[in-house]
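Just so it is clear: in the sequence shown, position 199 is 240 by my numbering, and no numbers are missing.
By construction, the Cβ of each residue, glycine as well, lies at the ideal position given by its N, Cα and C atoms.
This report concerns only the one structure given below.
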Amino acid sequence: MRLPPILVYVLRRLAIGLVVLFGISAVAFSMAYLLPSDPVTSRYPDITNEQRAEMRRQMGLDQPLVVQYARYMESVFRGEFGRSFGTGNSVVQDLAQRIPATLELASFGIAFGVLVGIPLGLVAAVRRGKPTDHLVRVVNIAIQSVPAFWLGVVLIFLLYFQWRLVPSPIGRLSPMFISPPPVTGFLTIDALLAGKPDIAFAALRQLMLPALVLGLGVVSPLARITRSAMGESLGEDYVTFGRALGLRPRQVVLGDAFRGALVPIVTTLGFVVANVLAGAAIVETVFAWPGIGRYAVTAITTSDMAPVSTCILLIASSVAVTNLIVDLSYALIDPRIRHEYAR
């Protein structure tokens, strides 16, 4: 029985991805091992050398790197991904508490970036060469030039310390509120499901500023590629033909031209989604957001090898899955690519 070409393609990409992830895990574990300090020294700087040696023996840190990596991979296949020396929990337990926070932050940030970036690119493309186009380009350059950590600190200083327009950046929810029972892991949604709109609003207020900072990193590349792709699409013969038929400008731009520009836009969207997941660590650290990124930063500063390796592996897996989804979405967007799969 012959498998469908698109299924063969997916299986091939998954096989290649597994090999790549195995290599990434080895490199990540080696890099964590080469960090200048070790978990024992980071956690207990005042103990004696004899106590330090005994604790390293108990943690298995006195074993060769190959043995430690083999033990880590054994825990990966068991679904545990090692144990954190910092928290004392398995890495899976720690990640289960932090993944929803990162996903909620990333979802709101990406949604903001898409809802702002693509319309900006559309407006700039339709009004190419006019003041509106120049203004959009200046805004894009300004957004790209500002580092996320600096922007986060400035916004906290202005909006919280100076003007008191936003709540204190102390995580996902103010201590004044009790977290709702977890259902989706998203506090905003869980609070609504629990019939607590006040908690949902409080969680949304905590979320606004970090999501804004994270989303601005999505706005610029999306606006730029949308402007470029729409500029080419608006010059195509089928768009000119549609205008000659007397179709409404909105239908020509949002229907024909935008559909023709979707492939590069989706490609860029996949790229920025991967960047958001990989770059959330900075925003989470600035805003004390209890997500994967902050967990990874803490693990790096304490030379906690299992969490560092697992976080890198998780981010790499997210990037690989995102790229696969983007590739498969091409077949839905462009019939020519769909025919290539069918051959």
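### Message
Does Ser209 come out as helix, strand or coil in the three-state DSSP assignment?
### Response
coil
### Query
What whole-angstrom Cβ distance do Ala69 and Leu354 have, given they're in contact under 8 Å?
6 Å
### Query
Is it buried or exposed for Ser131, if we count other Cβ within 10 angstroms and need 16 for buried?
buried
### Query
CA-CA distance, Ile366 and Phe312?
11 Å
### Task
Identify which residue in Thr351, Leu200, Tyr371, Ile211 has its Cα closest to the Cα of Val327.
Ile211
### Query
Taking DSSP as the reference, what is the three-state secondary structure of Arg168?
coil
### Query
Ordered along the chain, which non-local residues of its own chain (more than five positions away) have a Cβ less than 6 Å from that of Leu257?
Ile184
### Task
Would you identify the three-state DSSP class for Ser261, choosing helix, strand or coil?
helix
### Query
What first and last residue would you give for the alpha helix (DSSP H) that runs through Thr351?
346-374
#### Entry: Alpha-carbon spacing of Leu102 relative to Gln109, whole angstroms
Between the alpha carbons of Leu102 and Gln109 lies a gap of roughly 7 Å.
### Query
Leaving out the 5 sequence neighbours to the left and right, which residues in its chain are closer than 6 Å to Leu303 when beta-carbon positions are compared?
Ile374
### Task
Would you check if the distance between the CB atom of Leu214 and the CB atom of Ala244 is smaller than 8 Å?
The answer is yes: Cβ separation under 8 Å.
### Query
Start and end of the alpha helix (DSSP H) containing Asn316?
303-327
### Message
Which residue marks the beginning of the alpha helix (DSSP H) containing Phe190, and which one marks its end?
### Response
189-196
### Query
Do you know how far the Cα of Ala315 is from the Cα of Leu55?
Leu55 and Ala315: Cα-Cα distance of roughly 17 Å.
### C-alpha gap between Arg361 and Ala285, whole angstroms
At residue 361 the sequence reads Ala, which differs from the Arg that was named. In a straight line, the C-alpha of Ala361 is about 43 Å away from that of Ala285.
#### Entry: Pairwise C-alpha distance: Val293 and Leu156
20 Å
### Message
Just to confirm my understanding: we take Ser209, look at its own chain, exclude 5 residues before and 5 after, and list those with CB closer than 7 Å. What are they?
### Response
If the five residues before and after Ser209 are omitted, its C-beta is found closer than 7 Å to the C-beta atoms of Tyr201, all from its own chain and listed in chain order.
### Query
Which residues in the same chain have their Cβ closer than 6 Å to the Cβ of Val133, if we skip the five residues on either side of it in sequence?
Glu121, Phe122
### Query
What is the C-beta distance between Asp231 and Pro222, in whole angstroms, given that I count them as a contact (C-beta under 8 Å)?
7 Å
### Task
Can you say whether Gly334 is buried or exposed, counting buried as having 16 or more other CB atoms within 10 angstroms of its CB?
buried
### Task
Count the other CB atoms, across all protein chains shown, that sit within 10 Å of the CB of Ser186; report buried if there are 16 or more and exposed otherwise.
Burial call: exposed.
### Query
Any idea what DSSP makes of Arg119, helix, strand or coil?
Annotated three-state conformation of Arg119 is coil, per DSSP.
### Query
When you compare only the Cα positions, how much space is there between Phe282 and Ser370?
Their Cα atoms are separated by approximately 27 Å.
### Query
Would DSSP call Ser220 helix, strand or coil?
coil
### Query
What does a CB cutoff of less than 6 Å around Gln92 pick up in its chain, not counting 5 residues either side in sequence?
none
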